[in-house]
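There are 2 protein chains.
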Amino acid sequence: MREPSPEKQEAILNTALTLFTERGFFGTPTSLISKKAGVATGTLFFYFRTKEDLIDTLYRRVKSEAAREMCRGLDKEKTAKDKLRRLGKNAAGWGIRNPAKLKFMEQFAHSPFVSTNAHEEGMSHFLFLEDLVRDGIRNGEIRDVDPSGLFCIMASALSGLIAHALLTDDPAEREKIIGNGLDFIWYGMKVEE
Amino acid sequence: MREPSPEKQEAILNTALTLFTERGFFGTPTSLISKKAGVATGTLFFYFRTKEDLIDTLYRRVKSEAAREMCRGLDKEKTAKDKLRRLGKNAAGWGIRNPAKLKFMEQFAHSPFVSTNAHEEGMSHFLFLEDLVRDGIRNGEIRDVDPSGLFCIMASALSGLIAHALLTDDPAEREKIIGNGLDFIWYGMKVEE
DNA sequence: GTGTAAATTGACTAGTCAGTCAATATGGTG
DNA sequence: CACCATATTGACTGACTAGTCAATTTACAC
Numbered sequence: 045m046r047e048p049s050p051e052k053q054e055a056i057l058n059t060a061l062t063l064f065t066e067r068g069f070f071g072t073p074t075s076l077i078s079k080k081a082g083v084a085t086g087t088l089f090f091y092f093r094t095k096e097d098l099i100d101t102l103y104r105r106v107k108s109e110a111a112r113e114m115c116r117g118l119d120k121e122k123t124a125k126d127k128l129r130r131l132g133k134n135a136a137g138w139g140i141r142n143p144a145k146l147k148f149m150e151q152f153a154h155s156p157f158v159s160t161n162a163h164e165e166g167m168s169h170f171l172f173l174e175d176l177v178r179d180g181i182r183n184g185e186i187r188d189v190d191p192s193g194l195f196c197i198m199a200s201a202l203s204g205l206i207a208h209a210l211l212t213d214d215p216a217e218r219e220k221i222i223g224n225g226l227d228f229i230w231y232g233m234k235v236e237e
Numbered sequence: 045m046r047e048p049s050p051e052k053q054e055a056i057l058n059t060a061l062t063l064f065t066e067r068g069f070f071g072t073p074t075s076l077i078s079k080k081a082g083v084a085t086g087t088l089f090f091y092f093r094t095k096e097d098l099i100d101t102l103y104r105r106v107k108s109e110a111a112r113e114m115c116r117g118l119d120k121e122k123t124a125k126d127k128l129r130r131l132g133k134n135a136a137g138w139g140i141r142n143p144a145k146l147k148f149m150e151q152f153a154h155s156p157f158v159s160t161n162a163h164e165e166g167m168s169h170f171l172f173l174e175d176l177v178r179d180g181i182r183n184g185e186i187r188d189v190d191p192s193g194l195f196c197i198m199a200s201a202l203s204g205l206i207a208h209a210l211l212t213d214d215p216a217e218r219e220k221i222i223g224n225g226l227d228f229i230w231y232g233m234k235v236e237e
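Just so you know, the protein sequences line up as chains A and B, in that order.
Count the first sequence with the numbering used here and you get residues 45 to 237, in order.
Count the second sequence with the numbering used here and you get residues 45 to 237, in order.
What follows is the structure in structure tokens.
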């Protein structure tokens, strides 16, 4: 018997990731994906039942990887301030190391091509973030306003920050941009002295 | 002689706006646009040379309308703080009154289907915003960090804020969300006391 | 080796798309 | 009214697409 090849599946997923972000879902023919991935059309449909199944799998993977990376060492930090800063640095670091994945997530976060199921599963990985904000409010570090609103603005600001940091190639410059950006976010959230 | 009908052109543009935001560029056949707009296929191509030409025109229009609305009464405000707050309220108000246009702008702001020309023309309407931040830094209201970075995060935060405000139908609730969000943005920018 | 179950192939199908064009309808003008 | 430039129509074309499937190759078990 022959075994399915994880390398081929991976090649298809990676190629699709790049093409989808560059050209959009409908703008990317499955024929182009299989060609660039170095497999036949039929092979793509052996590993993924439909084109929708392909983007769904991609979405689930990228979203859970992003969440995993953002949590790194979060339990080592004590205060909400330190936790948020670590989180922000993790997110920025991952985004800068994986610009294509970041762009894919932004582009398909509200896309109808990704199934509702996959969207919900994706969101579930990030629920801990809202708890983090809630804890900060409870112990008086963060201003007492609607946590989900705060979390939402924070996420957008962070995403804009990473996009801006990606414009430069100089790592030192980047570090500075991210530091300033995280300051902006923290000053926006903390209680005034 | 017969004159071109602005109403027909408008109908095509409005229909295309809705369909593009709902289904994406490649997901929307020109046949569907013309059908829903109540004209024949040929008429669409009489007013717009290609499908690209159509989305380009749409992008230019929406972007310049958004910029125009955001500037409303800005010169009446004296301080950077007041100018930014007015700007934020204008932006939020426009976004809430025109959710489809807002979604269109977000979706195609970095899209390859819109020509580079149209993108540059779109950006040019918002350059005054960076000057506003620069002025605020000069007179000591805003923290002295890279203005383009500050502007970039501010724009993302604002966009996230509007998206979040759109989730509720209650105008009072909305007002509160927007107020809180604009506080977040201002605390992020201002110099500390 | 040999057998075999499963992976891989690519020509193929039925359907869809952007854009064309010859025919027709329309409205302004004199 | 009659004329005519032009706005409008929709059947049509050539190109392209998601997904199929019968034929072929591969890798593992014995």
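Even glycine gets a Cβ: it sits at the ideal position worked out from N, Cα and C.
It should be emphasised that the depicted structure is a prediction, and the values quoted were computed from it without experimental measurement.
Using the three-state DSSP reduction, which class does residue i fall into: helix, strand or coil?
i	result
K234 of chain B	strand
Just confirm the distance between the C-beta atoms of residue i and residue j, as a whole number of angstroms; I'd bet it's less than 8 Å.
i	j	result
G184 of chain B	V106 of chain B	Between V106 of chain B and G184 of chain B the Cβ distance is about 36 Å, and since that is not below 8 Å, they are no contact.
A162 of chain B	R104 of chain B	5 Å
I221 of chain B	A209 of chain B	5 Å
Roughly how many angstroms lie between the CA atoms of residue i and residue j, to the nearest whole one?
i	j	result
L205 of chain B	I229 of chain A	13 Å
F172 of chain A	G180 of chain A	13 Å
K125 of chain B	T62 of chain B	35 Å
S78 of chain B	K133 of chain B	36 Å
R178 of chain A	A84 of chain A	50 Å
T65 of chain A	M45 of chain B	47 Å
T72 of chain B	E109 of chain A	32 Å
P48 of chain B	T59 of chain B	18 Å
R187 of chain B	M233 of chain B	6 Å
Q53 of chain B	A81 of chain A	42 Å
V189 of chain A	N224 of chain B	7 Å
A136 of chain B	P191 of chain A	20 Å
Y91 of chain B	S159 of chain B	18 Å
M114 of chain B	Y231 of chain A	25 Å
E164 of chain B	F170 of chain B	10 Å
R218 of chain A	W138 of chain A	13 Å
R182 of chain A	M167 of chain A	24 Å
K95 of chain A	P50 of chain A	18 Å
K122 of chain A	T123 of chain B	38 Å
L88 of chain B	D119 of chain A	58 Å
L76 of chain A	G117 of chain A	40 Å
G86 of chain B	G86 of chain A	38 Å
Using CA coordinates, which residue listed in the options is at the minimum distance from residue i?
i	options	result
I99 of chain B	B:D190, B:L194, B:R178, B:P156	B:P156
D175 of chain B	B:L63, B:L128, B:F89	B:L128
T153 of chain A	A:Q53, A:F69, A:D188	According to the sequence provided, residue 153 of chain A is Ala. The question's Thr does not apply to it. The residue with the shortest Cα to Cα distance from A153 of chain A is A:F69.
M149 of chain B	B:K120, B:L88, B:A111	B:A111
P215 of chain A	A:G193, A:I140, A:R67, A:L131	A:I140
A207 of chain B	B:L146, B:R104, B:T101	B:L146
S200 of chain A	A:R182, A:K220, A:L226	A:L226
T101 of chain B	B:S75, B:T123, B:C196, B:I56	B:I56
G193 of chain B	A:E165, A:D119, A:T212	A:T212
R67 of chain A	A:E217, A:Q151, A:R182	A:Q151
P143 of chain B	B:F89, B:E51, B:S203	B:S203
F195 of chain B	B:W138, B:L131, B:S75, B:L76	B:L131
D97 of chain A	A:E217, A:T74, A:E121	A:T74
* Determine which residues of the stretch 90 to 105 of chain A have a Cβ less than 8 Å from any Cβ of chain B, and write them out in chain order. => none
* Asked: Mind listing which residues of the stretch 142 to 166 of chain A have their C-beta closer than 9 Å to chain B's C-betas, in chain order?
  -> The residues in question are K147, E150, Q151, H154, S155, P156, F157.
* To do: Output, in sequence order along the chain, the residues in the stretch 68 to 81 of chain B whose CB is closer than 8 Å to any CB in chain A.
  => Cβ proximity to chain A below 8 Å picks out G68, F69, F70, G71 from the stretch 68 to 81 of chain B.
* What residues from the stretch 183 to 194 of chain A come within 9 Å of chain B, judged by C-beta to C-beta, listed N to C? -> R187, V189, D190, S192, G193, L194
* Asked: What residues in the stretch 121 to 138 of chain B have a beta carbon less than 9 Å from any beta carbon of chain A?
  -> none
* Of the residues that make up the stretch 217 to 229 of chain B, which ones have a beta carbon closer than 7 Å to any beta carbon in chain A? -> Flagged, chain order: I221, N224, G225, F228, I229.
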